[in-house]
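First up is the structure itself, then whatever we jot down about it.
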Amino acid sequence: MGDPHMKLLPNWKAILVRAHSSWAFILSVLALIAPDAIYLIWGMDTSPRLWWGMGLALLIYGIVGRLADQGIDRDTTRSPAWIGLVVLLGFMVIVLHGGVTDIAREHAGEIVAPAEAPSQSHTSSSDAFLDAAVPFIGRWEGLRLEAYQDIVGVWTVCYGETKGVRPGDSYTRAECDAMLAREVLAYRAGLHRFFTDETVSERLPIPRDLAFVSLAYNVGISGASNSTAVRRLNAGNVSGACEALTWWNRAGGRVIRGLVNRRAEERALCLQGLVA
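Numbering-wise (our numbering), the sequence shown opens with residue 20 and increments by one.
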C-alpha cells in the first residue's frame with residue numbers, strides 16, 4: 020500500500036489545470052519526446068539541442084513556480100494559455116529553423132569541384148549507371164518543380180539545382196531528372212579520379228559505384244575522396260569500404276537520422292554481389 024501520509028491536495032485538479040508549475044513540468048516532458056515524435060510522424064529531423072534547452076527552461080520554471088503564489092487570472096499573461104502559446108511559437112522556430120541549419124553546414128568545406136561529364140564514348144555505361152542513380156539520389160535529395168528559396172535565400176529548383184535559377188522558374192520532372200543526371204555524371208567523373216585503375220575496372224559494379232557517387236553528391240567530392248571508404252576500396256578491402264560509408268552520418272556535429280538511413284542504403288548497394 021502507498022504511504023498513508025501522502026495524500027492528494029484538496030484542490031489538486033485546479034493545481035493541475037491552472038498552476039504554472041504543473042504546465043511547465045508537463046511541457047518539459049513533451050519537449051523531451053518531441054524530436055522523436057516529429058521525426059516518426061512527419062520525417063522532420065529537428066535540433067535536439069534546442070528542444071533540450073526548452074525542456075530545461077520549463078523544468079527550472081516549474082521548480083521556481085512551486086515556490087511562488089500561483090493564483091492565476093486567465094485574462095492575464097500569467098495564465099497557462101499564454102505559456103502554451105509561447106511554447107508553440109518556440110516549437111515553430113525550432114521546426115522551421117533549428118532542425119535544418121546544421122545540415123546546411125555539411126557542404127561548407129567543399130573544395131574539389133566536380134569534373135566535366137564523361138565524353139560520348141562512355142554513353143552506354145553512363146546510361147546504365149544513370150538508370151539506377153537518378154531515382155536513388157533524387158529520392159534522397161527531394162524534388163521541387165517550382166523555384167523556391169532555400170534556408171540561406173538562394174533560389175533553388177528540382178533536386179537542389181541553383182545555377183541560373185530565378186523566381187518563377189518551373190520545370191517538368193523529366194527536365195529535373197536531366198539536370199540531376201548531368202550533375203551526377205560530373206560528380207562521378209570527379210570522384211573516379213581518386214580511384215585506382217584497378218578499383219575502377221574490378222571493384223566498381225554499378226550498385227557500388229552508385230553508393231560512392233551518392234556519398235560524394237551528398238558530402239562533396241573533397242570529403243568523399245579523402246574518406247576511409249575510398250582508401251579501403253583502393254586497397255581492396257571492399258567490405259570495410261562499404262562499412263566506412265556509414266560513418267558519414269553527422270551534420271553540425273550531431274547524428275542525423277536521415278543521413279543514417281541514407282548511408283545504410285548506400286552500404287547495402289555497396290555490398291551487392293560481394294562474396295563473403
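Where a beta carbon is used, it is the ideal one built from N, C-alpha and C, also for glycine.
This one's a predicted model, so the numbers in the text were calculated from it and none came from an experiment.
Assignment of L164 by DSSP, reduced to helix, strand and coil, places it in the strand class. E262 is the residue among E262, V294, I60, R273 whose C-alpha sits nearest the C-alpha of R282. Among the bridge pairs identified by DSSP, A270 is matched with R273. Cα atoms of V173 and D196: separation of roughly 20 Å, rounded to the nearest angstrom.
Taking every protein chain shown into account, the CB of V176 has 16 or more other CB atoms within 10 angstroms, so this residue is buried.
If you ignore the 5 residues before and after W70, its C-beta comes within less than 6 Å of the C-beta of A50, A53, P54, all in its own chain and listed in chain order.
A Cβ-Cβ distance of about 6 Å is found for the pair N253 and F214, placing them in contact under the 8 Å criterion. Straight through space, the alpha carbons of G74 and A248 are spaced by roughly 39 Å. Counting C-beta pairs closer than 8 Å gives fewer than three between the segment 144-154 and the segment 184-191, which falls short of the contact rule. Membership of T218 in any beta strand (DSSP E) is not indicated; the residue belongs instead to the alpha helix (DSSP H) covering 216-221. Within 10 angstroms of the beta-carbon of A243 lie 16 or more other beta-carbons, which makes it buried. Per DSSP, the unbroken beta strand (DSSP E) holding V176 starts and ends at 174-177. If you look at F213, you'll find it isn't in any alpha helix (DSSP H); DSSP assigns it neither H nor E.
Scanning its chain for C-beta atoms nearer than 7 Å, with the 5 sequence neighbours on each side dropped, one finds around V279 the residues N268, in chain order. Burial is judged here by how many other beta carbons sit within 10 angstroms of a residue's own beta carbon; W266 has fewer than 16 and is exposed.
Distance from the Cα of G157 is smallest, within the candidate group S258, L229, A208, S220, for L229.
Assigned with DSSP and collapsed to three states, S246 falls in coil, not helix or strand.
Classified as buried, R207 has 16 or more neighbouring CB atoms from the shown chains inside 10 Å of its CB. The beta-bridge partner set that DSSP reports for E202 is empty.
In this structure, the CA atom of G292 is about 58 Å from the CA atom of S41.
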